[in-house]
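In my numbering, the protein residues as written are 52 to 290. For every residue, glycine included, the Cβ atom is placed at its ideal position computed from N, Cα and C. First up is the structure itself, then whatever we jot down about it.
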């Protein structure tokens, strides 16, 4: 999606066009990205919960089989939910051709129709509420339990590990949720369409750009390289 978006930004407005089927594919990949971002981060929250709250049982709980099940579930649930979302939109007859968004998404597609989109709105709202409730609920639940364990434990090593592993995950999650909720909210206010377009673009750029930076800082090897890179060089006085 991002390469096509960058190309369209460099084109003049009359040259910005896309076929309907390409638009559907773009909308599918866009919604899959947004949905799997939530489901994968939910799995990561569970992984951190097990690692911190049940460290001795981590190897028996998070087996290869369990990891495969969780991964398939994360992508499978997203695929089904997004498939139904776009399936309800594709069935509509179209009477318009102008996409008012920087890239194609479900809302842009069903706005091309002159038919009733009541079912689309109901399912879309239900989809969003269920996804955000499950996502935020799981994050709050796991992090509450992790916080309780850290507060009741006097193990400084455990608390340091929890802070290191959870802070990066939480920052990425909060950035993603804030961006996602901004887009959903601004869709309801057409007068702020420019802000919605900006948020839509940033949703696909900021989290992906921050991931290597935030997670890379955790790596000891990366920190050593950065410290050497930015460490001021000593200049010996000339004799």
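Subject >> Residues that DSSP places opposite residue 145 in a beta bridge >> reply: Here residue 145 refers to the residue found at position 94 of the chain shown. Looking at the DSSP assignment, residue 145 forms a beta bridge with 164.
Original post:
When burial is assigned at 16 or more other CB atoms within 10 Å of the CB, is residue 218 buried or exposed?
Top reply: Locating residue 218 in the chain shown gives position 167, counting from the first residue. With fewer than 16 other Cβ atoms within 10 Å, it is exposed.
**OP:** Note down the Cα distance separating residue 127 from residue 117, rounded to an integer number of angstroms.
**Re:** The sequence position of residue 127 within the chain shown is 76, counting from 1. The sequence position of residue 117 within the chain shown is 66, counting from 1. In a straight line, the C-alpha of residue 127 is about 15 Å away from that of residue 117.
**OP:** Note down, in chain order, each residue of its chain lying with its Cβ closer than 6 Å to the Cβ of residue 193, except the 5 sequence neighbours on either side.
**Re:** Translated into the one-based positions of the chain shown, residue 193 becomes position 142. Contacts found: 96, 100.
Original post:
Between residue 197 and the rest of its own chain, which residues show a CB-CB distance below 8 Å, the 5 nearest in sequence each way excluded?
Top reply: Position 146 of the chain shown holds residue 197. Excluding sequence neighbours, residue 197 sits near 99, 100, 103, 104, 213, 217.
Original post:
With a Cβ-Cβ cutoff of 8 Å, do residue 89 and residue 233 count as a contact?
Top reply: The residue labelled residue 89 in the question sits at position 38 within the chain shown. The residue labelled residue 233 in the question sits at position 182 within the chain shown. No.
**OP:** Please go through the same chain and pick out, in chain order, the residues whose beta-carbon is closer than 6 Å to the beta-carbon of residue 252, but skip the five residues on each side of it.
**Re:** Along the chain shown, read from residue 1 onward, the residue named residue 252 stands at position 201. Excluding positions up to five away in sequence, the list reads 153.
**OP:** At 4 residues or longer, and completely inside the segment 206-260: list those alpha helix (DSSP H) runs for me, N to C.
**Re:** 207-237
Original post:
Measuring CA to CA, which of 82, 113, 279 is closest to residue 182?
Top reply: In the chain shown, the residue the question calls residue 182 occupies position 131. Answer by Cα proximity: 82.
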